[in-house]
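Have a look at the structure below before the remarks.
Protein chains in written order, with the numbering used here: chain A, 65 to 250; chain B, 65 to 250.
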């Protein structure tokens, strides 16, 4: 049986989404937030999009820096995701308070998150408002990947890393590597 | 140890992403494709974005129909995802050939996929080109959800449904419900 709603009280049906820390440095300010609303946009050139509400400090920092990094977290880092997602950089310096380890980027000035299993360095190429969020579009200039986490085609190995997945309302889950399948049409 | 690449040979590091069938009806033509590049864009109004390459028949059908549906698949439906993802509607009538069960929408004219555990009816409100894909932005006018799959706050229950997750290169996986956690900052 299906229930049909035309007046949405919540909008979380699309989860689970992977969690990334997204942010940048502008001047002396460095700030990141947990972000589950993101998607690849293009293979060639490689473009990646993240959604950030205007009220977030991360919005201001990325807009000023014209660049950002995207840093994917493993399930073990769920506490960091909660801290970076539920607390605003306007109120507290999250990087200092939660002792987030940063590492230098190769191409851009803003740092990556050292503990992420894969990070993208992005140059901001477009910003567009959609409702209550802005889409920041980044051209991916460099990728930092933890060795052994991806196969030679760049496919994540779920026996090596358990990606953190968000379900909404502070619920998280990860994948079951025993369910891995390779399926092509007959 | 981290490996740094500035010349990308592949771009799949962001997976796993949930798989949705996206498509529409235009005149007598109804076509869907499997889509892993999608994201929520806004809560209020509820906006949902999907990425579709220009060469896909789905691109043409959605552009003509000015509307589309988004239909999320469970892990058991992996074969359907492979068929709808790897075969072009330009060559074969996938809905007929694979006996995809459709159901009427409540608000728009294009049908939903009956087997999906949750479906969105979307009105096309923006189209924007990013590299080799176009972002179709839909305002969500109605949601069809299989009863019992989501809690009262709209959070997916991974003991009731195993969402199909794509890893790239025809690899799929799903979640482990035993890893479900509710985590908030101290």
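Every residue, glycine too, gets a C-beta built ideally from N, C-alpha and C.
Spatially closest choice to residue i from the options, by CA coordinates
{"i": "residue 234 of chain B", "options": "B:103, B:151 and B:247", "result": "B:151"}
{"i": "residue 121 of chain A", "options": "A:109, A:157, A:173 and A:232", "result": "A:157"}
{"i": "residue 112 of chain B", "options": "B:216, B:184, B:212 and B:222", "result": "B:184"}
{"i": "residue 103 of chain A", "options": "B:115, B:153 and B:95", "result": "B:115"}
Secondary structure of residue i, DSSP reduced to three states
{"i": "residue 154 of chain B", "result": "coil"}
{"i": "residue 73 of chain B", "result": "coil"}
{"i": "residue 143 of chain A", "result": "helix"}
{"i": "residue 126 of chain B", "result": "helix"}
{"i": "residue 65 of chain A", "result": "coil"}
{"i": "residue 149 of chain A", "result": "helix"}
{"i": "residue 161 of chain B", "result": "helix"}
{"i": "residue 121 of chain B", "result": "helix"}
{"i": "residue 196 of chain A", "result": "coil"}
{"i": "residue 230 of chain B", "result": "strand"}
{"i": "residue 201 of chain B", "result": "strand"}
{"i": "residue 31 of chain A", "result": "One cannot answer for residue 31 of chain A here, as it falls past the ends of chain A, which runs 65 to 250."}
Straight-line Cα distance separating residue j from residue i
{"i": "residue 124 of chain A", "j": "residue 118 of chain A", "result": "8 Å"}
{"i": "residue 17 of chain A", "j": "residue 67 of chain B", "result": "Here chain A comprises residues numbered 65 to 250, so residue 17 of chain A is not present and cannot be evaluated."}
{"i": "residue 142 of chain B", "j": "residue 163 of chain A", "result": "41 Å"}
{"i": "residue 182 of chain A", "j": "residue 198 of chain B", "result": "26 Å"}
{"i": "residue 171 of chain A", "j": "residue 146 of chain A", "result": "29 Å"}
{"i": "residue 101 of chain B", "j": "residue 191 of chain B", "result": "15 Å"}
{"i": "residue 106 of chain A", "j": "residue 89 of chain A", "result": "25 Å"}
{"i": "residue 138 of chain A", "j": "residue 86 of chain A", "result": "15 Å"}
{"i": "residue 161 of chain A", "j": "residue 186 of chain A", "result": "25 Å"}
{"i": "residue 179 of chain B", "j": "residue 173 of chain B", "result": "18 Å"}
{"i": "residue 98 of chain A", "j": "residue 148 of chain A", "result": "5 Å"}
{"i": "residue 126 of chain B", "j": "residue 168 of chain A", "result": "43 Å"}
{"i": "residue 131 of chain A", "j": "residue 189 of chain A", "result": "8 Å"}
{"i": "residue 225 of chain A", "j": "residue 219 of chain A", "result": "11 Å"}
{"i": "residue 110 of chain B", "j": "residue 193 of chain A", "result": "13 Å"}
{"i": "residue 246 of chain A", "j": "residue 83 of chain B", "result": "15 Å"}
{"i": "residue 129 of chain B", "j": "residue 204 of chain B", "result": "15 Å"}
Integer Cβ distance of residue i from residue j, believed to fall under 8 Å
{"i": "residue 231 of chain A", "j": "residue 80 of chain A", "result": "5 Å"}
{"i": "residue 214 of chain B", "j": "residue 77 of chain A", "result": "7 Å"}
{"i": "residue 240 of chain A", "j": "residue 239 of chain B", "result": "6 Å"}
Pull out every residue of the stretch 192 to 205 of chain A whose Cβ sits closer than 8 Å to any Cβ of chain B, in chain order. Correct list: 192, 194, 195, 196, 197, 199, 201, 204 and 205.
Contacting positions in the stretch 144 to 178 of chain A - beta carbon closer than 7 Å to chain B: For chain B, the residues of the stretch 144 to 178 of chain A that bring a beta carbon within less than 7 Å of one of its beta carbons are 146, 147, 150, 151, 170 and 171, in chain order.
Check each residue of the stretch 221 to 239 of chain A: if its Cβ is closer than 8 Å to any Cβ of chain B, include it; give the result in chain order. Within the stretch 221 to 239 of chain A, the residues whose Cβ lies closer than 8 Å to some Cβ of chain B are 222, 226, 227, 229, 231, 232, 233, 234, 235, 236, 237, 238 and 239, listed in chain order.
Closer than 9 Å, Cβ to Cβ, to anything on chain B: give me those residues from the stretch 79 to 104 of chain A, in chain order. Listed by position, the residues of the stretch 79 to 104 of chain A near chain B (Cβ gap below 9 Å) are 79, 80, 81, 82, 84, 100, 101, 102, 103 and 104.
Mind checking the stretch 129 to 144 of chain B against chain A and listing, in chain order, the residues whose C-beta falls within less than 9 Å of any C-beta there? Residues 134, 136, 139, 142 and 143.
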